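Engineer: Below is a structure I'd like to ask you about.
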Amino acid sequence: MNYILLPIISFVVTLFITPVIGKFNKKHGLFGVDLHKNQRFEVPEAGGIAILLGTIPIFILYYLLSLDFRILMFIFPVTIIGIVGFIDDLYNIPQLLKTALCLLGGVPLLFFVNGLNLNLIFFEIDMGLLYLIIIPIGITAASNLTNLLAGFNGEEMGLGLISTLSLSACIYLLGDLQTSLYLLTFTFAFYAFLIYNKYPAKIFPGDTGTLIVGALIASFSIIKNIEVVGVVLLFPQIMEFLFKSIRRFGGKKYGPTKIDKDGILHPQKYLSVANLLTSNFKLTEKKLVLVIWSIGAIFGIISIIITYFVMVN
-18 MNYILLPIIS FVVTLFITPV IGKFNKKHGL FGVDLHKNQR FEVPEAGGIA ILLGTIPIFI
42 LYYLLSLDFR ILMFIFPVTI IGIVGFIDDL YNIPQLLKTA LCLLGGVPLL FFVNGLNLNL
102 IFFEIDMGLL YLIIIPIGIT AASNLTNLLA GFNGEEMGLG LISTLSLSAC IYLLGDLQTS
162 LYLLTFTFAF YAFLIYNKYP AKIFPGDTGT LIVGALIASF SIIKNIEVVG VVLLFPQIME
222 FLFKSIRRFG GKKYGPTKID KDGILHPQKY LSVANLLTSN FKLTEKKLVL VIWSIGAIFG
282 IISIIITYFV MVN
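So that you can map any letter, position 280 of the sequence shown is 261 in the working numbering, and since no number is skipped, the others follow by simple counting.
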């Protein structure tokens, strides 16, 4: 099997398996309510399992055929984080336990890192053994960040597609086509899933889907020693984290964003990326998500510019 075919295969498999997973999950009571519609619909949850099933078995098969050990560097973290997300979708585990379990996702990378230096673009810092502690924390932080900026149809998976596509381009610019295509395999799976998750959503990714986006960005950034690029790509989620930190993550007491009869979203009285945008512009859910995607694309372009002009030349 040629590794160039991996993205295409993952797209096709995920495209066909996602509606099957959606029907199965809803039949077994795994669904949520779409809150940002005038009419409330029950939508299958934990759809991110379709992304895992559309990628990980393909990578395992490719590994058995090629014995390319680099594949293990990211399928272990993504699989572990994905399982944690699925457990959370099923049982709604406490945040502290979820964070502790996510730390396990970074452990496999400890066996694959080539050095102990933290790349800060213009210079590197030798972190020593502290770098081995930073890796699991980085995987956990990134996974939970991509789980924060979520809640609107297609929002998180669209950002995941944009971020991983940008990171794949950065890795390609660094001269590593094969690793770039490995990441692109997940990007294509995100795209296939987004066909069903975009407005109006027929399936939600759940924590299973949102957590693995951050795990991928962190894993590949660490593997290629371009951690700063990963931080740039996660900037929209970092903004959301800072906003939620100000109000001590107390947004749930306000309920979901209000929607009028014309579909226009009206902000709640707390700071968030969505509320900041809807307080300044008249936006429907679909338009809001497009604006958030555009913000993600801007930081994707910035990451590519940094890679090309600073790290390559």
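Virtual Cβ for every residue (Gly too), placed ideally from N, Cα, C.
Small disclaimer: the values here were computed from a predicted structure and weren't measured.
What distance in whole Å lies between the Cβ atoms of residue 99 and residue 108, which are believed to be in contact at a cut-off of 8 Å?
Structural biologist: 5 Å
Engineer: Taking just the CA atoms, how far does residue 56 sit from residue -7?
Structural biologist: 19 Å
Engineer: Would residue 202 pass as a contact of residue 210 if the rule is Cβ separation under 8 Å?
Structural biologist: yes
Engineer: Closer than 8 Å, CB to CB, is residue 94 near chain D or not?
Structural biologist: Any reference to chain D falls outside this structure, which holds one protein chain only.
Engineer: Which residues does DSSP list as the beta-bridge partners of residue 239?
Structural biologist: 247
Engineer: Which partner residues does residue 12 have in the DSSP bridge list?
Structural biologist: 25
Engineer: Specify whether the segment 41 to 48 and the segment 151 to 161 touch according to this definition: at least 3 beta carbon pairs, one from each stretch, less than 8 Å apart.
Structural biologist: no
Engineer: Go ahead and pull the three-state DSSP assignment for residue 154.
Structural biologist: helix
Engineer: Can you tell me which of 132, 204, 144, 197 puts its alpha carbon nearest to the alpha carbon of residue 181?
Structural biologist: Of the candidates 132, 204, 144, 197, the one whose C-alpha sits nearest the C-alpha of residue 181 is 132.
Engineer: Cα separation between residue 256 and residue 272?
Structural biologist: 12 Å
Engineer: Please go through the same chain and pick out, in chain order, the residues whose beta-carbon is closer than 8 Å to the beta-carbon of residue 21, but skip the five residues on each side of it.
Structural biologist: Apart from the 5 residues on each side of it in sequence, residue 21 sits with its Cβ closer than 8 Å to the Cβ of 14, 15 in its chain, given in chain order.
Engineer: Mind checking whether residue 41 and residue -13 have CB atoms under 8 Å apart?
Structural biologist: Not a contact, by the Cβ cut-off of 8 Å.
Engineer: Using the three-state DSSP reduction, which class does residue 106 fall into: helix, strand or coil?
Structural biologist: strand
Engineer: Taking a contact to mean a Cβ-Cβ separation below 8 Å, would you say residue 29 touches residue 66 in this structure?
Structural biologist: yes
Engineer: Give the range of the beta strand (DSSP E) segment to which residue 99 is assigned.
Structural biologist: Counting along the chain, the beta strand (DSSP E) containing residue 99 begins and ends at 98 to 100.
Engineer: Less than 8 Å separating the beta-carbons of residue 5 and residue 26?
Structural biologist: no
Engineer: Bridge partners of residue 265, per DSSP?
Structural biologist: 245
Engineer: Could you check whether the segment 283 to 292 touches the segment 204 to 219, counting it as contact only if at least three pairs of C-beta atoms, one from each stretch, sit closer than 8 Å?
Structural biologist: A contact exists between the segment 283 to 292 and the segment 204 to 219.
Engineer: Quick one: is residue 243 buried, meaning 16 or more other Cβ sit within 10 Å of its Cβ, or exposed?
Structural biologist: exposed
Engineer: With distance defined between alpha-carbon atoms, name the residue in 259, 127, 105 nearest to residue 277.
Structural biologist: It is 127 whose Cα lies nearest to the Cα of residue 277.
Engineer: Taking C-beta to C-beta, are residue 137 and residue 60 nearer than 8 Å?
Structural biologist: No, Cβ-Cβ distance for residue 137 and residue 60 is not below 8 Å.
Engineer: Going by CA-CA distance only, name the one from -1, 196, 49, 225 that's closest to residue 83.
Structural biologist: Closest in alpha carbon position to residue 83, among -1, 196, 49, 225, is 196.
Engineer: Looking at the secondary structure, which residues open and close the alpha helix (DSSP H) in which residue 125 lies?
Structural biologist: 111 to 127
Engineer: Would you mind reading off the limits of the alpha helix (DSSP H) that contains residue 222?
Structural biologist: 216 to 227
Engineer: Could you spell out the range, first to last residue, of the alpha helix (DSSP H) harbouring residue 44?
Structural biologist: 37 to 47
Engineer: Taking residue 198 and residue 214 to be in contact with their CB atoms under 8 Å, please state how far apart those CB atoms are, rounded to whole angstroms.
Structural biologist: 6 Å
Engineer: Given residue 264, which residues of its chain have a CB within under 6 Å of its CB, disregarding the five upstream and five downstream residues?
Structural biologist: 246
Engineer: Kindly give me the distance between the Cβ atoms of residue 172 and residue 3, rounded to whole angstroms, as I take these residues to be in contact under 8 Å.
Structural biologist: Not confirmed; about 17 Å, so no contact.
Engineer: Count the other C-beta atoms from every protein chain shown that fall within 10 angstroms of the C-beta of residue 163, then say buried if there are 16 or more, exposed otherwise.
Structural biologist: buried
Engineer: Of the choices 252, 50, 269, whose alpha-carbon is the least far from that of residue 240?
Structural biologist: Just measuring C-alpha positions, the residue of 252, 50, 269 sitting nearest residue 240 is 269.
Engineer: Which residue wins for smallest C-alpha separation from residue 129, given the options 184, 218, 143?
Structural biologist: It is 218.
Engineer: Taking DSSP as the reference, what is the three-state secondary structure of residue 19?
Structural biologist: coil
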